[in-house]
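First residue of the sequence shown? That's 1 in UniProt numbering, and the numbers climb one at a time after it. We treat Cβ as the ideally placed atom computed from N, Cα and C, and that holds for glycine. Accompanying notes for the structure given below.
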Amino acid sequence: MGNSQSIAGRSCFLSALGNNTDLVTFRGDILYEMRGLPSYNLAIPVRPAVITYPKTTSQVAEIVRCAAESDYKVQAYSGGHSYGNYGLGGADGHVVVDLKNFQHFAMDPDTHVATIGAGTDLGTVQDRLLHAGARAMTHGDCPQVGAGGHFTIGGLGMMARQWGTSLDHVVEAEVVLANSSVVTASDTQNQDVFFAVKGAAASFGIVTQFKVRTHAIPKAALQYTYLFSQGGVMDRVQLFLDWQTLISKPNLTRDFSSQLTIFQDGILIMSSYFGTEQAFQQFQRENDLPFQSMGNVAYITNWLSLVAHTAEDYLLQIFGGLFTSFYAKSVSFPADQLFDVHGLVAFFTYLDSAPKGTQTWFIIFDLEGGAVNDIPMNATAYAHRDALMWMQSYVVVGYDDPPGFIAKRFLNRLHDLVLANRPPGPVRSYPGYVDPFMKDGQTAYWGTNLPRLQDIKTRVDPKDMFHNPQSVRVNPPNSSVVRQARWSL
1 MGNSQSIAGR SCFLSALGNN TDLVTFRGDI LYEMRGLPSY NLAIPVRPAV
51 ITYPKTTSQV AEIVRCAAES DYKVQAYSGG HSYGNYGLGG ADGHVVVDLK
101 NFQHFAMDPD THVATIGAGT DLGTVQDRLL HAGARAMTHG DCPQVGAGGH
151 FTIGGLGMMA RQWGTSLDHV VEAEVVLANS SVVTASDTQN QDVFFAVKGA
201 AASFGIVTQF KVRTHAIPKA ALQYTYLFSQ GGVMDRVQLF LDWQTLISKP
251 NLTRDFSSQL TIFQDGILIM SSYFGTEQAF QQFQRENDLP FQSMGNVAYI
301 TNWLSLVAHT AEDYLLQIFG GLFTSFYAKS VSFPADQLFD VHGLVAFFTY
351 LDSAPKGTQT WFIIFDLEGG AVNDIPMNAT AYAHRDALMW MQSYVVVGYD
401 DPPGFIAKRF LNRLHDLVLA NRPPGPVRSY PGYVDPFMKD GQTAYWGTNL
451 PRLQDIKTRV DPKDMFHNPQ SVRVNPPNSS VVRQARWSL
């Protein structure tokens, strides 16, 4: 971009924000380093060209207009927890729209539909819903994650088996499109945009506000933890097989959620059962849960204590926050692609022998299914409706191994081994756990929904303004869709 364009762009962005210099910072300014947004993954430093902090949706629309005039790419930043720093654009030179000022909240007392600003973090969402009539919705466990990304990528969480993902709760979204128009997207208005933002919003626009359905909070739950830290490969294989047999039962109650986490010092199983103590005892007897004693079972009646009792919370106590240099991968497991004994032996043998480049690594297997599977795969951009469980793996990358070659090789070979030792089928990755080094990430993130997303992208963002390294792309120039491109929403 030439200097004259930069000057013109600077004037436009300032004007879009009422000439309030507190609401914008430009790369090269004296205060840029102080006011710039942090790269969540320090292994991928990103420097935006312009960072804006709008207060209204009309200001967001004007920022998008300015970006279009100066040929910038644009990305929204909510909580900033993208593993590839895609909220900053994923590469230098983007315009970033920081949504931190979008904190609106309201609850309809009759429908219990909540209105939530896209800059609200999940911890605040949880608290506001709780104090607005003891309501709740599915969301993840990290309180600093922003609703703007979480509600539009998927939004897995402890209640997903009963209630569906976070994005399954969204009934309406206010969206700024690439032509700087502001539209309401729902099942009855701008349906294609609504389909796209429920799983791939970063490629299509900026959501500034959501309306979401909510639920009465559960009154109580039994939660248990089981830590296994001894034994050899076959002991761990048997433990995993027992857990996998339980979670893959076709009639498994949706009142049950579970995670199995493997890390340097052992295997941790954390599970919740929503019901009475008597019902849980019956569930325990029927499924032979692996208790050494009843001391690791807690009956919890406080909702905030309940949602805080997770594997992620436990791991944060061990490792601290992931505001560091790291690499992560994910893969889904449909019911017909689960581990067999041979695959698990290879898996745990590899974990014992492979150079890791770090002692800070962990692998989470997260039970899914239930209500998430009820929705057809083509109903939302989020395509992973057949996932029974997810494998999420992380390594903290050492600075003495630039750029974490050994650690990344460890995870990549682990995933290659897993895929080689399970029945064939499409490889799917969770779009909230982006792997910037994955080839053909779009197919892995959106599966068979990708062609429809490309068609919508070509119509509503033909110049690919909402762009990151793995966002949905427009159709090729020789496509009939491109030749007929129009603002048809």
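Within 8 Å, strictly: CB atoms of T52 and V97: Inclusion of T52 and V97 in the CB contact set at 8 Å is warranted, their separation being smaller than that value.
Beta-carbon spacing of Q337, A202 below 8 Å: Against a cut-off of 8 Å, the Cβ pair of A202 and Q337 comes out as no contact.
L419 vs A335 beta-carbon contact at 8 Å: No, the Cβ-Cβ distance between L419 and A335 is not below 8 Å.
Span separating the alpha-carbon of G447 from that of G425: Using only the alpha carbons, I get a separation of about 12 Å.
Straight-line Cα distance separating M159 from I247: Straight-line measurement puts the Cα of M159 at about 15 Å from the Cα of I247.
Candidates Y77, I406, I300, R236, of which the one nearest H342 by Cα: The residue from Y77, I406, I300, R236 with its alpha-carbon nearest to that of H342 is R236.
Span of the alpha helix (DSSP H) around A67: DSSP places A67 in the uninterrupted alpha helix (DSSP H) bounded by 57 to 69.
Residues near P143 in its chain [Cβ-Cβ closer than 7 Å; skip 5 each side]: Once the five neighbours on either side are set aside, the close Cβ partners of P143 are D121, L122, G123.
DSSP bridge partner residues for I262 (one or two, in chain order): DSSP lists I267, I363 as partners of I262.
Short Cβ contact (8 Å threshold) for V175 with G205: Cβ distance < 8 Å, so V175 and G205 count as in contact.
Residues that P334 bridges to, as DSSP identifies them: When DSSP reads this structure, P334 sits in a beta bridge with A387.
Selected residue, minimal CA-CA separation from A279, among T253, M270, L304: Ranked by Cα distance from A279, the first of T253, M270, L304 is T253.
Cα-Cα separation between T214 and V345, rounded to whole angstroms: Whole-angstrom Cα-Cα distance: 43 Å.
Alpha-carbon spacing of R10 relative to F26, whole angstroms: In this structure, the alpha-carbon of R10 lies about 8 Å from that of F26.
Beta-carbon proximity of R161 to S78, cut-off 8 Å: In this structure, S78 does not lie closer than 8 Å to R161 by Cβ.
Among F263, I63, M34, nearest to L14 - alpha-carbon criterion: Of F263, I63, M34, the residue nearest in Cα terms is I63.
Ranges of the alpha helix (DSSP H) found wholly within the stretch 390 to 442, counting only runs of at least 4: Counting only runs of 4 or more, we get 405 to 420.
DSSP state of V74 mapped onto helix, strand, coil: V74: strand per DSSP, three-state reduction.
For F105, the first and last residue of its enclosing beta strand (DSSP E): Where F105 is concerned, the enclosing beta strand (DSSP E) stretches over 105 to 107.
For H112 and R128, believed in contact at Cβ under 8 Å, the rounded distance: Rounded, the Cβ-Cβ distance is 13 Å, inconsistent with contact.
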